[in-house]
Amino acid sequence: MEAAADRQKECEASRKRGSAFLRDGLHLEAVAAFTRSLALAPTAASRGLAYAGRSAVLEAAGHFRQAADDARRALGLDYPDLLKYKLHLRMAVCRKTLGQHPEAEESLRQVTELIQGCQLPEEKKGRLLEEAADEFRAVAVSKGQGLCVRYLDAPELSHGWREEGDKRLSSAVEVKKDEKFGRHLLAARDINTGDVLLVETPLIAFLLEAENFDKGHKEALWTHCSHCYEMCLNLEPCPDCPWALYCSDECRKGAWSGYHQLECRMRRKYDLLKAPCDPDSSGSWTRIMIKALSTLTPAACLENSPRVAEILSLLPDVYDDEKLERIRKLAKTICAACCEELSAEQREQLAKVCERILLVFQRNSYTIDESHFVPSIDAFRSREVIGRAMYPTVALMNHSCDANTTRVYHLGTQVVRAIRPIKKGEQIFSSYGPEYGGMPKSRRQAILRKKFYFECDCDSCDDDWPLIGSTMGQVPEFLRQPIHIPLLKEVN
151 MEAAADRQKE CEASRKRGSA FLRDGLHLEA VAAFTRSLAL APTAASRGLA
201 YAGRSAVLEA AGHFRQAADD ARRALGLDYP DLLKYKLHLR MAVCRKTLGQ
251 HPEAEESLRQ VTELIQGCQL PEEKKGRLLE EAADEFRAVA VSKGQGLCVR
301 YLDAPELSHG WREEGDKRLS SAVEVKKDEK FGRHLLAARD INTGDVLLVE
351 TPLIAFLLEA ENFDKGHKEA LWTHCSHCYE MCLNLEPCPD CPWALYCSDE
401 CRKGAWSGYH QLECRMRRKY DLLKAPCDPD SSGSWTRIMI KALSTLTPAA
451 CLENSPRVAE ILSLLPDVYD DEKLERIRKL AKTICAACCE ELSAEQREQL
501 AKVCERILLV FQRNSYTIDE SHFVPSIDAF RSREVIGRAM YPTVALMNHS
551 CDANTTRVYH LGTQVVRAIR PIKKGEQIFS SYGPEYGGMP KSRRQAILRK
601 KFYFECDCDS CDDDWPLIGS TMGQVPEFLR QPIHIPLLKE VN
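In the working numbering, the protein residues as written are 151 to 642.
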């Protein structure tokens, strides 16, 4: 009962935030708030109110089909009788706007019936009927949609695959190992600017939740599909939990059969603990461990399957002992709570694998970004972080403050491309964040020591290259073209 009451409070608070955002014209933020309210809603009545609120936002934003769909969903739940005519009127307006005239007229007829059947004074009924008719008559057909999003497919690898059956790595790249660099990537041939060297889907990934937005990231969990990562403004939550939302039945079924059935059960069990012990205030350590267990499966972790072995091969040599102890405690708690069908010995073994996976994830994970190009104004928008993911092959690249590659994302798929010619035998570098163009050497080294436990000795650090404000002027022309930007976002 206590958990349901807490969820109801959060549900109502999110709905109020959504209404405030709508009044301020912040449509995307309003959609996120109402979707969160929907996911947390413990009753049919609260779900109906969340759908109705999101429907109003979608209509205001010009997404008429989705607005009508949400209004219909709200009507199918425990929605207040006195307000149902408003949803039918919204459906009538949206359908007329879309050119669906017979359906619009039928919705308007239902508006009339509902108003006439209300226990209201006749004068009030007449006024409501007149207002509804005026609103319906004022509708213009085929208004423009407020936000059109189109995702481009990931490109093919340049020069073919490295190994048959493994489409991640180009044949122009080879994996080497030595004492200084460990496992790393070298050019197996001369590489040209723009060559696609790596195309990899994430092994473990999740969208950022509200708790992760201390750095100003978008509430991607409430605006993007948890399975395919596409932006969707009328997501449907998992029927059994509020932590996964989908753009379609296809994605929901794919997630359920692939990993979410286990993830959903594990998260519900962990949340039943009276004192969850995630030392990370955002709860991200728990999410990573449960996502890893559900994606890889406990059996594969215990058997050290090839995918698990690939992750553990990235285990860092240096880490914080105090943090390790906290991670170890959390791993034991999660395995005890979520895997009670295993023996005590198996749970102990599984906890050790979980703690190692989390150590790898913290050191070798990447943000999932959206890069925006707006065709109508022929300009780029800044990248938005929507999630975090582990890419074991991409993680083989070492850091340079003057990296010779760049990374872009096509939904969850990460694509690595050369941004300048790379000679055969040269190492292929990525940037872990710090770059020489806009950050002094002392600051770059401090960040790398704190987060990754090493000092960079790339040319820009050894020679202490001067700041140039930005390296954007050095970005090759191919990266400036819309066809190479994974997400086209058109705002009308």
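Virtual Cβ for every residue (Gly too), placed ideally from N, Cα, C.
Going by CA-CA distance only, name the one from the options that's closest to residue i.
{"i": "K591", "options": "Y603, K601, D607, C611", "result": "C611"}
{"i": "E460", "options": "G408, V535, I536, M540", "result": "M540"}
{"i": "R418", "options": "K274, C161, S407, R437", "result": "R437"}
{"i": "C94", "options": "S169, E380, S376", "result": "For the chain, the structure presents residues 151 to 642; residue 94 sits outside this window and is missing."}
{"i": "G175", "options": "R594, L278, R157, A206", "result": "A206"}
{"i": "E484", "options": "D467, E576, M439, V558", "result": "One point to set straight first is that residue 484 is Ile, not Glu, in the sequence displayed. Here the closest residue by C-alpha is M439."}
{"i": "R222", "options": "K236, C504, A394", "result": "K236"}
{"i": "C397", "options": "V468, L319, H374", "result": "H374"}
{"i": "L270", "options": "L233, L208, E306, V558", "result": "L233"}
{"i": "K317", "options": "V565, R240, N554", "result": "V565"}
{"i": "I507", "options": "T556, N454, W406, A405", "result": "N454"}
{"i": "Y301", "options": "D614, K600, V558", "result": "V558"}
{"i": "D284", "options": "K600, K403, R240", "result": "R240"}
Do you know offhand how far residue i's Cα is from residue j's?
{"i": "K473", "j": "D220", "result": "45 Å"}
{"i": "A224", "j": "A218", "result": "10 Å"}
{"i": "H309", "j": "S321", "result": "6 Å"}
{"i": "R245", "j": "A194", "result": "25 Å"}
{"i": "A370", "j": "Y516", "result": "16 Å"}
{"i": "S493", "j": "L500", "result": "10 Å"}
{"i": "K479", "j": "C489", "result": "15 Å"}
{"i": "G168", "j": "A191", "result": "14 Å"}
{"i": "K574", "j": "A304", "result": "25 Å"}
{"i": "E495", "j": "M381", "result": "43 Å"}
{"i": "L335", "j": "I578", "result": "6 Å"}
{"i": "Q250", "j": "D552", "result": "56 Å"}
{"i": "R197", "j": "L227", "result": "7 Å"}
{"i": "C608", "j": "E313", "result": "30 Å"}
{"i": "I572", "j": "G344", "result": "11 Å"}
{"i": "A449", "j": "M416", "result": "15 Å"}
{"i": "R497", "j": "E491", "result": "9 Å"}
{"i": "A155", "j": "P466", "result": "43 Å"}
{"i": "L598", "j": "V503", "result": "26 Å"}
{"i": "Y229", "j": "Y201", "result": "10 Å"}
{"i": "C606", "j": "E400", "result": "45 Å"}
{"i": "H238", "j": "C268", "result": "14 Å"}
{"i": "H560", "j": "A153", "result": "38 Å"}
{"i": "V458", "j": "G408", "result": "16 Å"}
{"i": "D471", "j": "F331", "result": "23 Å"}
{"i": "E273", "j": "R157", "result": "41 Å"}
{"i": "R593", "j": "S434", "result": "27 Å"}
{"i": "R173", "j": "A405", "result": "35 Å"}
{"i": "E329", "j": "L319", "result": "23 Å"}
{"i": "E585", "j": "W311", "result": "30 Å"}
{"i": "T556", "j": "R402", "result": "32 Å"}
For residue i, which residues of its own chain have a beta-carbon under 8 Å away from its beta-carbon, when the five flanking residues on both sides are left out?
{"i": "G562", "result": "T351, P352, A355, C378, Y379, I518, G537, A539"}
{"i": "I265", "result": "Y235, K275, L278, L279, A282"}
{"i": "E576", "result": "L336, A337, N554"}
{"i": "E306", "result": "V346, V349"}
Less than 8 Å between the CB atoms is what I'm expecting for residue i and residue j, so what's the real figure, rounded?
{"i": "F602", "j": "R513", "result": "7 Å"}
{"i": "V346", "j": "R333", "result": "Rounded, the Cβ-Cβ distance is 21 Å, inconsistent with contact."}
{"i": "A337", "j": "V323", "result": "7 Å"}
{"i": "I341", "j": "A568", "result": "5 Å"}
Given residue i, which residues of its chain have a CB within under 7 Å of its CB, disregarding the five upstream and five downstream residues?
{"i": "E179", "result": "F171"}
{"i": "A242", "result": "A254, S257, L258, V261, F286"}
{"i": "E359", "result": "L371"}
{"i": "A487", "result": "K419, Y420, L423"}
{"i": "P542", "result": "L353, E460, I461, L464"}
{"i": "L199", "result": "R165"}
{"i": "L452", "result": "Q496, Q499, L500"}
{"i": "A596", "result": "none"}
{"i": "V468", "result": "Y603"}
{"i": "Q216", "result": "L208, L383, N384"}
Beta-carbon within less than 6 Å of residue i's beta-carbon, same chain only, minus the 5 sequence neighbours each way: which residues are those?
{"i": "S164", "result": "A183, R186, S187"}
{"i": "L464", "result": "V510, N514, A545"}
{"i": "E505", "result": "I477, R478, A481"}
{"i": "H177", "result": "V207, A211"}
{"i": "S581", "result": "A553"}
{"i": "R570", "result": "T343, N554"}
{"i": "E160", "result": "L190"}
Problem - Inter-stretch contact (C-beta, 8 Å, three-pair minimum) for the segment 539 to 548 and the segment 384 to 391 - result: Put simply, the segment 539 to 548 does not touch the segment 384 to 391. Fewer than three CB pairs are less than 8 Å apart.
Problem - Given 8 Å, three or more beta-carbon pairs between the segment 394 to 413 and the segment 442 to 449 - result: The segment 394 to 413, when compared against the segment 442 to 449, does touch it at the 8 Å Cβ threshold.
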